[in-house]
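A quick write-up on the structure given underneath.
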Amino acid sequence: MGENNIDWKQAEQMVIDFLRRDKKYKIVAHNYKTSFGEIDIIAQQGDTYIFIEVKSGTGKRVRPSERVDVEKYRKISTLAEYFLRDKRYSRARIDVAEVIDGEINYYEDVGWEFG
């Protein structure tokens, strides 16, 4: 498709549209910020909260999703636990959305699971 010039804001909006349209997720927060970091997207499906990290790029050397390392998972899980502290839920998980050349690859249940 040749859309290598998609910036992170466009990538996040593409993923939000995908989550609503294809996954039927409710978007709870976008760019949820605390004093110790940010989560790109928080979604909900039923009583499950989904914390989504969005990565974009060309994928020529390294796939964008490969830039989500152990330290990033640790940070997301800390933020997720903070977000969930007063919520009712039965499950929570971390997903990664990768945008390469305008195409979305979506990975569920990566790295951490809560509940």
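For the sequence shown, the positions run 85 to 199 when this note's numbering is used.
Idealized CB from N, CA, C, for every residue including glycine.
May I ask which residues mark the beginning and end of the beta strand (DSSP E) holding S175?
Looking at the sequence itself, residue 175 is Arg, so the reference to Ser does not match. First-last of the beta strand (DSSP E) with R175: R175 to I184.
Which of the three DSSP states, helix, strand or coil, is assigned to S140?
strand
Quick check: the region 153-164 against the region 131-143, are there 3 or more CB pairs under 8 Å?
yes
Terminal residues of the alpha helix (DSSP H) in which Y166 lies:
V154 to L168
Nearest to V194 by CA position, among G186, A181 and I188, is which residue?
A181
Nearest candidate by alpha-carbon position, reference S119, set D185, K159, Y191 and R175:
K159
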